[in-house]
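In UniProt numbering, the protein residues as written are 1 to 494.
Idealized CB from N, CA, C, for every residue including glycine.
All figures in this text were calculated on a predicted structure; none of them were measured in a lab.
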């Protein structure tokens, strides 16, 4: 028997402390409702749970965003309901004015007064309708495109497919050694002499005269061309190749010319005359590597007879040129897109096509309807401009019978326009309703998965609590018994 170390008591005490610690954790889990309260409880489970919590929070916020989007769409659609009512009233007024029983100076004038007031109210609604300070109907949210009346059928005299100048179509291998040769002038006209060696080593020259400009040019470099009245008309790149001969590529658009002459081509307002080394208009092309190319015709002028408003554009050899303001429907319309090129194709000439779609100037409102920043979790809301001008009714006048008849069609077109806008808004609202339902289901399922990892199983934890509580009481009793064992030593000492 030993008195220095009571091993039985020490063992009972150790079990007692372990059971007490386990009971403490049982109480913590039961009182908090979580079985993971710190990383030490379950490091992997904690990491997974926190990631799921972030996703759940994102899904919850996305639902709120979608609901805000529905509110925005409903606000816009509600305003357009009133616009529709006013347009229907305008149709009624126009139909009345178109009737021959109304007097021009009095009756129709009074009808026109109401039309003007309705147009003003439509404009006021377009300017004032907003959601949380965001304008809805003024066009600032319109980032789409619209079809315009300007199309390919309204363009006449379009270059006729005639290539520029004297060109060579060489089928065999050919290399030409070109020397830089420049011509300068301070006014009037300038001669640009291009020298090259053909495959036989013979020096060939072509002289290009550019009228009514000041120019500095070199082969393969830009020509800064100034047209009459000192206005910048264009930048040209002179190129010479075995395939296309000498061609001119415009680096910046200028004004369209109104006429063309024999032996002359017009590139956006610059008259370029072609002469051979004897100063004559060429009737034959120089030989390139033993191949005699065909002398091609002269391009005709560009004449745009359609309505080309600011923001419209035409396509020249696949490149877009946008009309600047002040160039509407003019023979001298200016192509202002400096980043594009006009290719003077040696074989096929220049072809112009009009694109009848114009990009709007607004910016779509973006709704965040998902838990990530991916594009598919964003919804762009476009709301078209609903000012009277955008509806096409700004200039309607029913003060005459003819004007009233014309106004009916315009107003009905405006009604269709507003109907299309409202239809788009309705489709957006329905989509957002489904988005909210889907987000709600996702949130529910992920929350259930996260709960399985993180939440306390109360029944299981109560079983552990009861067990640990009994073990603590048992350990306490055994510790008391173990402490009585050394008392037997005293009896041996008596």
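Nearest neighbour of residue i, chosen from the options [CA to CA]
i	options	result
residue 118	493, 395, 48, 377	395
residue 48	376, 9, 451	451
residue 377	363, 393, 415, 439	439
residue 95	448, 411, 491	411
residue 113	400, 22, 51	400
residue 100	468, 404, 466	404
residue 125	143, 85, 459, 465	85
residue 4	382, 32, 486	486
residue 462	106, 18, 123, 22	22
residue 372	51, 25, 20	51
residue 499	27, 374, 413	No statement about residue 499 is possible, as the shown extent of the chain runs from 1 to 494 and does not include it.
residue 33	482, 471, 481, 459	459
residue 71	132, 389, 374, 449	132
residue 389	130, 129, 120, 470	120
Helix, strand or coil at residue i [DSSP, three-state]
i	result
residue 383	coil
residue 130	strand
residue 8	helix
residue 455	strand
residue 118	helix
residue 135	strand
residue 417	helix
residue 499	This structure cannot settle anything about residue 499, because the visible part of the chain is limited to 1 through 494.
residue 324	The pLDDT assigned to residue 324 is 38, lower than 50, so where the model puts this residue is not dependable, and the model offers no usable value.
residue 13	helix
Expected contact under 8 Å - CB spacing of residue i and residue j to nearest Å
i	j	result
residue 73	residue 90	That belief does not hold up - the Cβ atoms of residue 73 and residue 90 are roughly 25 Å apart, past 8 Å.
residue 69	residue 432	5 Å
residue 385	residue 139	3 Å
residue 402	residue 380	Wrong, their Cβ atoms sit about 43 Å apart, outside the cutoff.
residue 39	residue 46	5 Å
residue 87	residue 398	Wrong, their Cβ atoms sit about 13 Å apart, outside the cutoff.
residue 416	residue 142	So it is not a contact: roughly 17 Å between Cβ atoms.
residue 83	residue 134	Residue 83 to residue 134, Cβ: 18 Å. No contact.
residue 366	residue 30	Their Cβ separation, rounded to whole angstroms, is 46 Å, which puts residue 366 and residue 30 out of contact at 8 Å.
residue 6	residue 477	Contact doesn't hold; Cβ gap of about 16 Å is too wide.
residue 20	residue 472	6 Å
Residue interval of the beta strand (DSSP E) (run including residue i)
i	result
residue 487	Premise fails: residue 487 is in no beta strand (DSSP E) and is neither H nor E.
residue 366	365-368
Closer than 7 Å to chain C by CB, residue i
i	result
residue 487	Chain labels in this structure do not include chain C; a single protein chain is all it has.
8 Å CB neighbourhood of residue i in its chain, flanking five on each side removed
i	result
residue 406	396
residue 493	none
residue 369	62, 65, 66, 69, 377, 378, 379, 432, 435, 439
residue 80	137, 386, 418, 421, 422, 425
residue 36	42, 45, 46, 49, 453, 454
residue 18	none
Neighbourhood of residue i by C-beta, 7 Å cutoff - its chain only, sequence neighbours within 5 removed
i	result
residue 443	56, 59, 60
residue 430	none
residue 479	9, 12, 13, 16
residue 98	401, 404, 405, 408
residue 26	461, 464, 465, 468
residue 28	37
residue 76	129, 136, 137, 383, 425
residue 449	52
residue 513	Not covered by the structure: residue 513. The range shown for the chain is 1 to 494.
residue 127	138
Residues near residue i in its chain [Cβ-Cβ closer than 6 Å; skip 5 each side]
i	result
residue 15	475
residue 171	Low local confidence applies: a pLDDT of 31 at residue 171 is under 50, so the model's placement there is unreliable, with the coordinate-based value given in what follows. Excluding positions up to five away in sequence, the list is empty.
residue 108	97, 102, 399
residue 374	none
residue 106	none
Extent of the continuous alpha helix (DSSP H) run through residue i
i	result
residue 61	43-98
residue 389	388-391
Residue i Cβ short of 6 Å to the ligand NAP heavy atom set
i	result
residue 42	By its list of ligands, the structure shown contains no ligand whatsoever, and the ligand NAP lies outside what it can speak to.
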